[in-house]
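Asker: Here my numbering is used: the first residue of the sequence shown is 243, the next is one more, and so on. Quick one: the structure is below, questions incoming.
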Amino acid sequence: MDIPFKDVVFDTSDPHGSALSLLPLLFPDRKIDDMRISALTQGTTNGLFKVTVDASTADSATADAALIKVYGDGTNITIDREKELTVHKLLAERQLSSSPLVRFSNGHAYQFISGRVCSEGDMSETRIFRGVARELARWHATLPTADPEDVLTYKPGVWSTAKKWLDAISKHPHRSQAEIDDLHEKFKYLADALLSTDVSEPLVLAHGDLLCANIIVQESDDGSDVASVRFIDYEHATYCPRAFELANHFAEWAGFDCDYNLLPKTSTRRAFIEEYLTIHAELCREHNIPTVNDAAVDHLMRQVDDHRGFPGFYWGLCALIQAETATGTIDFDYAGYAAKRLAEYESWRSVREGNSPSLPLREEVWSMP
């Protein structure tokens with residue numbers, strides 16, 4: 243699948259005019275009688291615009307709408323756009339995403355996935371999180387895994403990405419040597435704590451950024467007790483241990499405000515993981531494994547517990563870079579967010595080392611039954 247390229251720059255101050263130049267590639271072989279474009283507000287990294295054409299001539303639910311993604315300033319340091327599009331093409335080929343339509347100088351566009359954007363409150367609804375667990379199992383069972391000799395350097399991978407971000411921060415003139423040394427020490431501590439377990443299983447090709455805004459709920463009238471969901475926005479897709487993918491998703495239940503009271507408690511995480519493992523086994527035709535294997539659930543629960551401090555460090559690094567490179571086109575407090583996420587790592591580490599006289603709120607909620 244080749245994605246056509248158009249040598250234009252999308253001007254976010256004139257989205258209608260910019261979209262007009264892309265129309266022949268967004269809706270090929272279509273006579274456009276009407277076009278509407280609207281800005282979507284859920285992005286914290288990129289500009290997002292939905293383009294809709296005359297619905298009466300649409301052939302399907304997705305054929306009359308496209309999503310235009312305009313890359314945020316400075317994101318070339320934190321995001322590999324070539325990798326993003328390579329993954330997107332693979333996902334489309336495996337029926338895990340809609341099709342990419344066109345690349346342009348500062349972004350790309352793809353078929354719009356219809357449905358309702360998940361909210362932070364939705365994440366704890368049983369029918370929603372069961373749907374997310376099933377879709378995540380479908381990803382991990384359908385996409386190729388990796389069995390690298392060196393997890394720390396494998397690309398694209400969560401460890402090598404964290405190292406790349408750390409190296410970028412280390413070169414920034416505004417960072418003191420003490421700050422840089424502290425981040426390197428934190429990274430080494432994580433590697434020492436987790437790499438011995440991460441090399442024991444193949445890496446999954448993960449979404450890598452399953453926050454609520456990247457989950458689309460597709461409502462139906464079939465009365466099912468499990469929601470149908472799709473994932474969008476694949477710029478952080480990468481290879482990682484499945485325990486990282488799950489711990490990362492659970493961390494996102496707290497939202498950008500980091501409200502740790504929203505985190506899934508132990509029983510909820512267990513229900514999610516049981517659903518995930520059951521569907522994964524069915525999709526892999528592992529019928530010799532019981533529908534719910536308590537030993538397998540216990541094992542993955544422990545791995546997710548072990549990884550719960552990694553996402554805070556990972557996204558803390560990313561936000562530190564964005565705090566330095568963002569130009570203000572998107573109103574978001576990257577520095578404040580970085581501090582909150584790095585504090586999650588500190589909470590995990592203090593509990594792991596037995597140095598916390600009382601449980602920090604995040605760790606307290608995580609440990610609840």
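Where is the CB? At the ideal position from N, CA and C, for every residue including glycine. Note that the structure is a prediction, hence the values are computed from the model and not measured.
Unbroken beta strand (DSSP E) runs of length 3 or more, entirely within the segment 298 to 364: which are they?
Answerer: If we require 3 residues or more, the beta strand (DSSP E) runs fully inside the segment 298 to 364 come out as 307 to 312, 342 to 346 and 349 to 353.
Asker: Out of 385, 607 and 394, which one is the CA nearest neighbour of residue 501?
Answerer: Nearest of 385, 607 and 394 to residue 501, Cα basis: 607.
Asker: Specify the secondary structure class of residue 572 as computed by DSSP and reduced to three states.
Answerer: Residue state, collapsed to three classes: coil.
Asker: Out of curiosity, what's the CA-to-CA distance linking residue 485 and residue 374?
Answerer: Each residue's Cα considered, the two are about 15 Å apart.
Asker: Run the CB neighbour count on residue 261, radius 10 Å, all protein chains shown included, and call it buried at 16 or more, exposed below.
Answerer: That one is buried.
Asker: Which full runs of the beta strand (DSSP E) of 3+ residues lie inside the segment 408 to 476, going along the chain?
Answerer: Taking only runs of at least 3 residues, the beta strand (DSSP E) segments lying wholly in the segment 408 to 476 are 446 to 448, 457 to 460 and 470 to 473.
Asker: To the nearest whole angstrom, what separates the beta carbons of residue 268 and residue 351, a pair I think is in contact under 8 Å?
Answerer: About 6 Å; that satisfies the 8 Å criterion.
Asker: Under a Cβ-count criterion, where at least 16 other Cβ atoms within 10 Å of its own Cβ denotes burial, should residue 398 be classed as buried or exposed?
Answerer: Buried, by the Cβ-count rule.
Asker: Out of curiosity, what's the CA-to-CA distance linking residue 569 and residue 255?
Answerer: So the two alpha carbons sit approximately 15 Å from each other.
Asker: Enumerated in chain order, which unbroken segments of the alpha helix (DSSP H) with a length of 4 residues or greater are wholly contained in the segment 481 to 529?
Answerer: Complete alpha helix (DSSP H) runs here, min 4: 484 to 494 and 508 to 525.
Asker: Please classify residue 371 as buried or exposed, where buried requires at least 16 neighbouring CB atoms within 10 angstroms.
Answerer: So residue 371 ends up on the buried side.
Asker: Any idea if residue 302 is buried or exposed, counting beta-carbon neighbours within 10 angstroms, 16 or more meaning buried?
Answerer: Because the pLDDT at residue 302 is just 47, under 50, the model does not fix this residue reliably, and the value given afterwards should be weighed accordingly. Exposed is the call here.
Asker: Judging by CA-CA distance, which residue of 503, 313 and 550 is the nearest neighbour of residue 572?
Answerer: Residue 572 has its Cα closest to that of 313, out of 503, 313 and 550.
Asker: Does the count of Cβ pairs from the segment 546 to 563 and the segment 274 to 283 closer than 8 Å reach three?
Answerer: Short answer: they don't touch.
Asker: Is the segment 434 to 454 close to the segment 390 to 409, with three or more CB pairs under 8 Å?
Answerer: Output reads yes: the segment 390 to 409 touches the segment 434 to 454.
Asker: Considering only the beta carbon of each residue, do residue 559 and residue 515 sit closer than 9 Å?
Answerer: No.
Asker: Using C-beta distances below 6 Å, list every residue in its chain close to residue 490, excluding the 5 sequence neighbours before and after it, in chain order.
Answerer: Excluding positions up to five away in sequence, the list reads 553.
Asker: Taking Cβ to Cβ, would you say residue 343 is nearer than 9 Å to residue 308?
Answerer: Yes, the pair counts as a contact, with Cβ atoms nearer than the cut-off.
Asker: Are there three or more Cβ pairs, one per stretch, closer than 8 Å when the segment 507 to 525 is compared with the segment 543 to 550?
Answerer: Yes: at least three Cβ pairs fall under 8 Å.
Asker: With DSSP collapsed to three states, give me the class of residue 405.
Answerer: Helix.
Asker: According to DSSP, residue 280 sits in a beta bridge with which residue or residues?
Answerer: DSSP lists 292 as partners of residue 280.
Asker: Residue 596 by DSSP, collapsed to three states: which one?
Answerer: Coil, per DSSP.
Asker: Per DSSP, residue 582 forms a beta bridge with which residues?
Answerer: According to DSSP, residue 582 bridges with nothing at all.
Asker: Looking at the unbroken alpha helix (DSSP H) that takes in residue 374, where does it start and where does it end?
Answerer: Counting along the chain, the alpha helix (DSSP H) containing residue 374 begins and ends at 368 to 384.
Asker: Take the Cβ of residue 483 as the centre, count every other Cβ of all protein chains shown within 10 Å, and call the residue buried at 16 or more, exposed below.
Answerer: So residue 483 counts as buried.
Asker: Compute the Euclidean distance between the alpha carbons of residue 305 and residue 295, then round it to the nearest angstrom.
Answerer: At residue 305 the pLDDT is 49, less than 50, meaning the model places this residue with poor confidence; the figure from the coordinates comes in the next sentence. If I take the Cα positions, the gap works out to 9 Å.
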